[in-house]
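Following the working numbering, the numbering of the sequence shown begins with 445 at its first residue and continues without gaps. From the three backbone atoms N, C-alpha and C, an ideal C-beta is built for every residue, glycine too. Values in this document were obtained by computation on a predicted structure and should not be read as measured data. Okay, structure first, notes after.
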Amino acid sequence: MKPVRVIVNGALGRMGQEVISALYHEPETQPVGAVELKASPNHLELPDGSGTIPLSSDLEYILHLTKPEVMVDFTTARATMPAVRTATKHGVNLVIGTTGLTADETAEIDRLVTAHKVGAVVAPNFALGAVLMMHLARIAAKYLDCAEIIELHHPQKIDAPSGTALSTARAMLAAKGKPFTQAPLGEASPSRGQQLEGIAIHSVRLPGLLAHQEVLLGGPGQTLSIRHDTISRQCYMPGVMLAIKEVVKHQGLIYGLDTLLGLQEEQ
Numbered sequence: 445m446k447p448v449r450v451i452v453n454g455a456l457g458r459m460g461q462e463v464i465s466a467l468y469h470e471p472e473t474q475p476v477g478a479v480e481l482k483a484s485p486n487h488l489e490l491p492d493g494s495g496t497i498p499l500s501s502d503l504e505y506i507l508h509l510t511k512p513e514v515m516v517d518f519t520t521a522r523a524t525m526p527a528v529r530t531a532t533k534h535g536v537n538l539v540i541g542t543t544g545l546t547a548d549e550t551a552e553i554d555r556l557v558t559a560h561k562v563g564a565v566v567a568p569n570f571a572l573g574a575v576l577m578m579h580l581a582r583i584a585a586k587y588l589d590c591a592e593i594i595e596l597h598h599p600q601k602i603d604a605p606s607g608t609a610l611s612t613a614r615a616m617l618a619a620k621g622k623p624f625t626q627a628p629l630g631e632a633s634p635s636r637g638q639q640l641e642g643i644a645i646h647s648v649r650l651p652g653l654l655a656h657q658e659v660l661l662g663g664p665g666q667t668l669s670i671r672h673d674t675i676s677r678q679c680y681m682p683g684v685m686l687a688i689k690e691v692v693k694h695q696g697l698i699y700g701l702d703t704l705l706g707l708q709e710e711q
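Okay, here's the thing in structure tokens:
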């Protein structure tokens, strides 16, 4: 079986570089091209220095030159959507880890992949541990009435709250079927973060952090904590590789890794 041919949009970013390395070391995938807004020179060295792949700021050029099966995108919503429109027009499948996409943008991705008969995996988080954290929070949401989420990230993260935190809260609300109950505030009325139907979401941005999230649930006389800590960006790569191998087998939009991991069936 031939390896899946993949290009990476945002290849010189921190996540892009991790993806290139993971693609190179995974026997079932092959990095064939790279796209970066400020691309210089016109090639990108492979991790072991054994060769290069084409690098350009022109996605159309890379698509014509390399004929990829999949485009991986970890950029920004502003950069992702034009790339999605171009890639789907060329019949390329998508794996998207960009955070901050709106519901309208996700719906547009759904329409585009359906119209062009390709597949897309869009996930707020590709770390398998984070996906399991969200799954466990969804289960626990049915049984405890008060919940808050604390998400902690490095200062360069653009969106707040994070896409993972918002997705976690929405999944918990869907499982519960009604808003959570907010504990009454004291006289000082401290900040309770962004509210989502009774769930307060707190965002922390500090040097030294990478990506962390804790879901806190409470009931009379007890609390439950579910936490995931990202130690390095390598944690995202097994999920990205899984998505690449699976997206070429499907048409239409798959949102979240839980479907690929079979967790939807366990709800």
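According to DSSP, is A478 part of a helix, a strand, or is it coil? Residue numbering aside, residue 478 sits at position 34 when the sequence shown is read from its first letter. Residue state, collapsed to three classes: strand.
So, is R555 buried or exposed, given that buried needs 16 or more other C-beta atoms within 10 angstroms? To locate residue 555, count along the sequence shown from 1; it is residue 111. With fewer than 16 Cβ atoms within 10 Å of its Cβ, R555 is classed as exposed.
For a quick check, are the C-beta atoms of L617 and L707 less than 9 Å apart? Translated into the one-based positions of the sequence shown, residue 617 becomes position 173. Translated into the one-based positions of the sequence shown, residue 707 becomes position 263. At least 9 Å separates the beta-carbon of L617 from that of L707.
With which residues is L499 paired in a DSSP beta bridge? The residue you call residue 499 lines up with position 55 of the sequence shown. According to DSSP, which records beta bridges pairwise, L499 is partnered with A478.
Can you tell me the Cβ-Cβ gap for V539 and V565, rounded? I've got them flagged as a contact below 8 Å. Mapped onto the sequence shown, residue 539 falls at position 95. Mapped onto the sequence shown, residue 565 falls at position 121. With 8 Å as the limit, V539 and V565 qualify as a contact, their Cβ atoms being about 5 Å apart.
Grouping DSSP H, G and I as helix and E and B as strand, with all else coil, what is M515? As a first step, residue 515 is located in the sequence shown; it is residue number 71 there, counting from the start. Taken through DSSP and simplified to helix, strand or coil, M515 comes out as strand.
Could you give the distance in angstroms between the alpha-carbon of P526 and the alpha-carbon of P628? Counting from 1 along the sequence shown, the entry for residue 526 is found at position 82. Counting from 1 along the sequence shown, the entry for residue 628 is found at position 184. It is roughly 45 Å from the alpha-carbon of P526 to the alpha-carbon of P628.
What separation, rounded to the nearest whole angstrom, lies between the Cα atoms of S484 and L596? Numbered from 1 along the sequence shown, position 40 holds the residue referred to as residue 484. Numbered from 1 along the sequence shown, position 152 holds the residue referred to as residue 596. Pairing S484 with L596, the inter-Cα distance amounts to about 33 Å.
Please confirm whether C679 and A581 have their CB atoms less than 9 Å apart. In the sequence shown, residue 679 corresponds to position 235, counting from 1. In the sequence shown, residue 581 corresponds to position 137, counting from 1. No, the Cβ-Cβ distance between C679 and A581 is not below 9 Å.
Closest residue to A574 among T558, S611, E592 (Cα-Cα distance): Taking the first residue of the sequence shown as position 1, residue 574 is located at position 130. Nearest to A574 by C-alpha distance, out of T558, S611, E592, is S611.
If you draw a straight line from the alpha carbon of G457 to that of V516, how long is it in whole angstroms? Here residue 457 refers to the residue found at position 13 when the sequence shown is read from its first residue. Here residue 516 refers to the residue found at position 72 when the sequence shown is read from its first residue. Here the alpha carbons of V516 and G457 stand approximately 12 Å from one another.
Buried or exposed (CB count within 10 angstroms, at least 16 for buried), G652: In the sequence shown, residue 652 corresponds to position 208, counting from 1. Taking a 10 Å sphere around the C-beta of G652, we find fewer than 16 other C-beta atoms and assign the residue as exposed.
Using a Cβ-Cβ cutoff of less than 8 Å, which residues in the same chain neighbour M486 once the five nearest sequence positions on both sides are dropped? Walking along the sequence shown from the start, residue 486 turns up at place 42. This sequence places Asn at residue 486; Met is not what is there. Cβ neighbours of N486 beyond the five flanking positions: P498, L499, S500.
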